[in-house]
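Engineer: If you use the UniProt record's numbering, the sequence shown corresponds to residues 1 to 64, in order. Don't be surprised by glycine CBs; every beta carbon is placed ideally from N, CA and C.
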Amino acid sequence: MTLTLTVPNMACSACANNITNALKAVDGSAIVQADPTTKLVSVETQASEQKIKDALADAGYPAA
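1) Put Gln46 into one of helix, strand or coil per three-state DSSP.
2) For Ala31, which option in Lys39, Thr20 and Ser48 has the closest C-alpha, if you only look at C-alpha atoms?
3) Confirm, please, whether the CB-CB distance from Ala57 to Val7 is below 8 Å.
4) Return yes when at least one heavy atom of the ligand HEM lies under 7 Å from the C-beta of Val26, else no.
5) Rounded to whole angstroms, what's the CA-CA distance from Met10 to Ser42? Just pull it up for me.
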């Protein structure tokens with residue numbers, strides 16, 4: 001399953017790295033692309049959408 005989420009709080013590459021690490025903690029095989037310029041996070045994962053959104057929120061980057 002591929003999810004594309006908007007993350008308004010993502011401002012820089014360090015934010016993108018934090019988001020990637022948070023999502024990989026939920027699903028180690030996830031493919032994460034986080035773009036601070038567009039504020040979009042694309043995740044190819046086996047985890048549920050809710051688990052992904054919860055992981056983003058717990059990391060301080062709630063999806064809009």
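Structural biologist: Walking through what the data contain:
1) coil
2) The sequence given here places Ile at residue 31; Ala does not occur at that position. Comparing Cα positions, the closest option is Thr20.
3) no
4) Judged by which ligands are present, the structure shown has none, so any question about the ligand HEM falls away.
5) 13 Å
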